[in-house]
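This report concerns only the one structure given below.
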Amino acid sequence: MVAGILTPTSGKVQYDGIDIKTLGEAYRDIFGYLPQTFGFYPEFTVADYLRYMASLKGLPKKETNLKIDELLHRLTLSNVRNKHIRKLSGGMQRRVGIAQALLNDPDILILDEPTSGLDPGERIRFRNILSEFAQQRIVLISTHIVSDVEYIANRNAIMKDGQIIAVDTTDGLVKMMDGKVWQGTIPAEQLHHYERTVRVVTVRNEEGGRVSVRYVSESPSLPDSQTAAPRLEDLYLWLFRGEEAVKEDAV
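Numbering-wise, the numbering used here puts 1052 at position 250 of the sequence shown, and it's gapless, one number per residue.
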């Protein structure tokens, strides 16, 4: 709806106090959009694809090549400009998607699940790229990967069942969990019992057949529990009660 693709069933989306339906083409000229999956012709090289997208966006031909060169350099894609997109890694394809979204130098950049499917290294690189671009424009990110927004977002809105249930800075949201995040170590065979009584965030294997459990609760529920510094994912699990716990084995 923010991108103007879907019409709201109620309410409206405004930019600078004006309904985007009224702005029409003028609104589309000032935003860039990267969907979770974006289409491309498999025989296109990176440069071919960006030139094609630039023509669809109405960029003057004399500016197109300069803009493409600039974006390929900023996104570390210059060395693959003549490579077919289908042969790129998932992370590189995402960066190509970012490049097409930035061709018209938008004031608003909208990204849907931008790091989905990326390996840890590419996710870090992508987060750094978004942080850089967010210094000059509004960047809106829709994601379920909480750690991504924890590092790059100035403000977060958490939605549940189509309703916004919390809006604040990352620090402000995290403070809501002060005194509600705990860490305790128990025998591994007791884990199933405690998973039925507390909201487990992470489980890490320890030596001697024990596991370290991070959980959220109004009060300590595991033996010898200590308070832990809260993170945004703790709040997410707290608000989305009943969701499946995240388990991580120690490396």
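For glycine and all other residues, C-beta sits at the position ideal for the given N, C-alpha and C.
I need the boundaries of the beta strand (DSSP E) containing residue i, first residue and last residue.
| i | result |
| --- | --- |
| residue 835 | 833 to 836 |
| residue 998 | Careful: residue 998 lies outside any beta strand (DSSP E) and carries neither H nor E. |
Please classify residue i as buried or exposed, where buried requires at least 16 neighbouring CB atoms within 10 angstroms.
| i | result |
| --- | --- |
| residue 958 | buried |
| residue 1009 | exposed |
| residue 873 | buried |
| residue 1027 | buried |
| residue 1031 | exposed |
| residue 964 | exposed |
| residue 1025 | exposed |
| residue 888 | exposed |
| residue 1046 | Residue placement at residue 1046 cannot be trusted, given a pLDDT of 49 that sits under 50; what the coordinates show is reported in the next sentence. Exposed. |
| residue 820 | exposed |
| residue 868 | exposed |
| residue 985 | buried |
| residue 870 | buried |
| residue 1052 | Note that residue 1052 scores a pLDDT of 34, beneath 50, so its modelled location is shaky; the value from the coordinates is reported in the next line. With fewer than 16 other Cβ atoms within 10 Å, it is exposed. |
| residue 980 | exposed |
| residue 828 | exposed |
| residue 961 | exposed |
| residue 862 | exposed |
Would you check if the distance between the CB atom of residue i and the CB atom of residue j is smaller than 8 Å?
| i | j | result |
| --- | --- | --- |
| residue 1006 | residue 1039 | no |
| residue 928 | residue 917 | yes |
| residue 952 | residue 971 | no |
| residue 967 | residue 1041 | yes |
| residue 858 | residue 913 | no |
| residue 1037 | residue 969 | no |
| residue 877 | residue 901 | yes |
| residue 855 | residue 905 | yes |
| residue 886 | residue 847 | yes |
| residue 936 | residue 883 | no |
| residue 924 | residue 899 | no |
Kindly identify the DSSP beta-bridge partner or partners of residue i.
| i | result |
| --- | --- |
| residue 1014 | 987, 1006 |
| residue 910 | 833, 940 |
| residue 969 | 959 |
| residue 921 | None; residue 921 has no bridge partner. |
| residue 821 | 816 |
Where does the unbroken alpha helix (DSSP H) through residue i begin, and where does it stop?
| i | result |
| --- | --- |
| residue 849 | 848 to 858 |
| residue 905 | Neither: residue 905 is in no alpha helix (DSSP H) and is coded neither H nor E. |
| residue 951 | 948 to 954 |
| residue 1038 | 1034 to 1041 |
What are the uninterrupted segments assigned as alpha helix (DSSP H) that are 4 or more residues long and contained completely in the region 865 to 890, given in chain order?
Counting only runs of 4 or more residues that sit fully inside the region 865 to 890, no alpha helix (DSSP H) segment turns up.
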